[in-house]
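In our numbering, the protein residues as written are 4 to 160.
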Ligand SMILES: [Cu+2]
């Protein structure tokens with residue numbers, strides 16, 4: 004007797020877009036953020052199914068370089084993407100429930116970060132960014148950084 008087994012292939016895809024606002028001298032407290040097509044709000048939580056194949060298309064719609072980095076145990080990232088640039092990440096979600104995050108390597112300290120939940124594990128963006136503390140602001144208040152450049156963070160006076 005021939006047994007036919009159908010494998011269920013799980014896959015998800017996301018389109019993550021980087022944004023920034025704030026002219027030089029701007030005091031916007033949260034001038035860097037992500038949106039994700041189909042999800043509401045800034046820096047929305049990504050919910051993944053354990054073991055599924057995930058494709059993320061990343062587009063930088065800001066006017067400064069941004070990156071998309073996913074935390075361990077996923078541990079993949081785009082590196083810096085120039086304005087109007089696009090990059091794609093493909094990976095398999097962890098097999099077990101876990102929580103991590105995603106962020107921009109340059110602007111994570113000012114809130115350009117979101118949570119990732121795998122298998123329903125509790126996840127929070129608050130642990131990813133100092134922006135929720137409200138006592139840290141970038142110095143200078145707006146950033147134009149080339150690859151490899153350093154940013155400094157100062158406490159609000
Ligand atoms: Cu950024």
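Here a beta-carbon is modelled for each residue, glycine too, at the ideal position from N, C-alpha and C.
Have a look at residue i and residue j and give me their C-alpha separation to the nearest angstrom.
{"i": "residue 212", "j": "residue 95", "result": "Nothing about residue 212 can be reported from this structure: the residues present for the chain run from 4 to 160 only."}
{"i": "residue 132", "j": "residue 89", "result": "24 Å"}
{"i": "residue 126", "j": "residue 84", "result": "26 Å"}
{"i": "residue 43", "j": "residue 23", "result": "17 Å"}
{"i": "residue 12", "j": "residue 56", "result": "8 Å"}
{"i": "residue 109", "j": "residue 71", "result": "10 Å"}
{"i": "residue 17", "j": "residue 51", "result": "11 Å"}
{"i": "residue 80", "j": "residue 107", "result": "9 Å"}
Can you find the residues in the same chain that come closer than 8 Å, C-beta to C-beta, to residue i, ignoring five residues on each side of it along the sequence?
{"i": "residue 53", "result": "96, 97, 98, 99, 100, 121, 122"}
{"i": "residue 104", "result": "73, 74, 116, 117, 118, 119, 126, 128, 130, 131"}
{"i": "residue 14", "result": "55, 56, 57, 58"}
Does the Cβ of residue i have 16 or more other Cβ atoms within 10 Å, making it buried, or fewer, making it exposed?
{"i": "residue 65", "result": "buried"}
{"i": "residue 34", "result": "buried"}
{"i": "residue 91", "result": "exposed"}
{"i": "residue 58", "result": "exposed"}
{"i": "residue 41", "result": "exposed"}
{"i": "residue 3", "result": "Outside the shown range of the chain, which is 4 to 160, sits residue 3, and nothing can be said about it."}
{"i": "residue 87", "result": "exposed"}
For residue i, which of helix, strand or coil comes out of DSSP?
{"i": "residue 95", "result": "strand"}
{"i": "residue 20", "result": "strand"}
{"i": "residue 79", "result": "coil"}
{"i": "residue 113", "result": "helix"}
{"i": "residue 40", "result": "coil"}
{"i": "residue 52", "result": "coil"}
{"i": "residue 104", "result": "strand"}
{"i": "residue 2", "result": "Coverage of the chain is limited to positions 4 through 160, which leaves residue 2 absent and any answer about it impossible."}
{"i": "residue 87", "result": "coil"}
{"i": "residue 130", "result": "coil"}
{"i": "residue 73", "result": "strand"}
Within this structure, are the beta carbons of residue i and residue j separated by less than 7 Å?
{"i": "residue 69", "j": "residue 124", "result": "no"}
{"i": "residue 2", "j": "residue 61", "result": "With the chain represented from 4 up to 160, any question about residue 2 goes unanswered, as that position is not in the structure."}
{"i": "residue 46", "j": "residue 111", "result": "no"}
Going along the chain, which residues of its own chain have a beta-carbon closer than 6 Å to the beta-carbon of residue i, five neighbours each way excluded?
{"i": "residue 39", "result": "17, 19, 47"}
{"i": "residue 49", "result": "119"}
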